[in-house]
Amino acid sequence: MDSRLNAFLERADAVLARIEPLLPTPRHAIDWTQSLAARWQREGRSGFLLPLEVSLDMRLSDLIGVDRQVEQLGRNTQQFLDGMPANHALLWGSRGTGKSSLIRALLAEHAKAGLRLIEIERDHLADLPRVVEQIAKLPQRFVLFCDDLSFESGEGDYRVLKSVLDGSLEQAPDNVLLYATSNRRHLVPEKESDNENWKRVDGELHPSEAVEDKIALSDRFGLWLSFYPFTQEHFLNVVEHWIGQLADKAGLKWQRDEQLDILAVRWATGRGNRNGRCAYQFARYWVGLKLLEHKA
1396 MDSRLNAFLE RADAVLARIE PLLPTPRHAI DWTQSLAARW QREGRSGFLL PLEVSLDMRL
1456 SDLIGVDRQV EQLGRNTQQF LDGMPANHAL LWGSRGTGKS SLIRALLAEH AKAGLRLIEI
1516 ERDHLADLPR VVEQIAKLPQ RFVLFCDDLS FESGEGDYRV LKSVLDGSLE QAPDNVLLYA
1576 TSNRRHLVPE KESDNENWKR VDGELHPSEA VEDKIALSDR FGLWLSFYPF TQEHFLNVVE
1636 HWIGQLADKA GLKWQRDEQL DILAVRWATG RGNRNGRCAY QFARYWVGLK LLEHKA
């Protein structure tokens, strides 16, 4: 009997050794008094919130030329923090113009007041009910942040997302908001063929059902904020700001002049874009170059 029992236990140990790596790792609840941000991490059929180490270096004062957007989203966020009605927000427009930076700057601005950020990928938005369930009764105020929310032609996921957003957002507790960024206002490609079935009825134009179906997704957001491509003057002002920030930290004395502006414009032209991200990259390049020259 003992030999049979020992054999059984040995086999059980062997099976457990093979199964154990496949089992989910035990997760500890996040201490939101210490953690300012987390990311929803998919694991099998479920998922968990992974705490993130975030930098609070980005400030609202670093966002140049988007004063209207800063004011509107800032006011909406303040309403949210004060327990007043606030809207889910869609920030749409050209890449590199400050959409994601604005949301992270708001975290830095209001972290001490209890604002927290949870990043969730587009492909994981079906898990919104699970995320909301974990934070619903907490005292902090949570912004669920989905960066680059858009769909390609032929993808039907946006129809699933519409129903998820309807259920998750309309019934969400008052300590949860969704902020999303996208390069498209309506989140999905709009083709000329979508408009072929438009018709006039009693003097009124009625868009086809395909167009209505696509636009309906972005209607889930009560606040739309537009971000436009930078003019050359706007771009150079952002370059000046970031050079000033980086030069001050490095103790570098500098002065804006025509030659600097020409170099910055050439930098942007070589990359085919003129936005805040490009301005920051040029500032790092230029300040680093000047520091090397001083060192030599």
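Be aware that the sequence shown starts at 1396, since it is given in our numbering, and climbs by one per residue. Using N, Cα and C, we set each Cβ at its ideal position, and we do this for glycine too.
For the beta strand (DSSP E) that residue i lies in, which residues bound it at each end?
| i | result |
| --- | --- |
| Leu1431 | Where Leu1431 is concerned, there is no enclosing beta strand (DSSP E), given that its DSSP letter is neither H nor E. |
| Ser1621 | 1618–1622 |
| Thr1576 | 1571–1577 |
| Gly1488 | 1484–1488 |
Any idea which residues DSSP pairs residue i with across the strands?
| i | result |
| --- | --- |
| Ile1638 | Paired residues: none, contrary to the question. |
| Gly1442 | Arg1437 |
| Leu1447 | Ala1432 |
| Arg1511 | Phe1537 |
If you follow the alpha helix (DSSP H) that residue i is part of, which residue opens it and which one closes it?
| i | result |
| --- | --- |
| Val1538 | It is not in any alpha helix (DSSP H) - Val1538 instead sits in the beta strand (DSSP E) that spans 1536–1541. |
| Leu1520 | First-last for Leu1520: undefined, no H or E at that position. |
| Ser1495 | 1494–1505 |
| Glu1466 | 1462–1476 |
| Gln1654 | 1653–1666 |
| Phe1677 | 1671–1690 |
Among residues of its own chain, excluding the 5 on either side of residue i, which ones have a beta-carbon nearer than 6 Å to its beta-carbon?
| i | result |
| --- | --- |
| Ser1495 | Asp1542, Thr1576 |
| Leu1501 | Thr1472 |
| Val1526 | Trp1435 |
| Arg1463 | none |
| Arg1669 | Phe1625, Phe1630, Ala1663 |
| Glu1514 | Arg1434, Phe1540 |
| Glu1688 | none |
| Val1538 | Leu1512, Leu1572, Tyr1574 |
In chain order, what residues of the same chain have a beta carbon less than 7 Å from the beta carbon of residue i, not counting five sequence neighbours either side?
| i | result |
| --- | --- |
| Leu1631 | Asp1656, Ala1659 |
| Leu1686 | Ala1645, Leu1647 |
| Leu1445 | Ala1433, Arg1434, Gln1436 |
| Ala1544 | Reading off the sequence shown, one finds Leu at residue 1544, where the question assumed Ala. Cβ within range, chain order: Arg1517, Ala1575, Thr1576, Ser1577, Leu1582. |
| Glu1635 | Arg1651 |
| Glu1458 | A small correction: the amino acid at residue 1458 is Leu; Glu does not occupy that position in the sequence shown. So the qualifying residues of the chain are Val1465, Gly1493, Ser1496, Leu1497, Ala1500. |
Can you find the residues in the same chain that come closer than 8 Å, C-beta to C-beta, to residue i, ignoring five residues on each side of it along the sequence?
| i | result |
| --- | --- |
| Gly1469 | Leu1455, Leu1501, Glu1504 |
| Val1410 | none |
| Met1479 | none |
| Gly1509 | Leu1476, Pro1534, Gln1535, Arg1536 |
| Thr1492 | Val1461, Phe1622, Tyr1623, Pro1624, Phe1625, Asn1670, Gly1671 |
| Gln1474 | Pro1480, Ala1481 |
Is it the case that the segment 1678–1686 contacts the segment 1637–1644, given that we only count it when at least three CB pairs across the two stretches are under 8 Å? yes
Would the segment 1445–1455 count as touching the segment 1516–1529 if we require 3 or more Cβ pairs under 8 Å? no
May I ask you to verify whether the segment 1611–1623 touches the segment 1474–1486, counting CB pairs closer than 8 Å and requiring at least 3? yes
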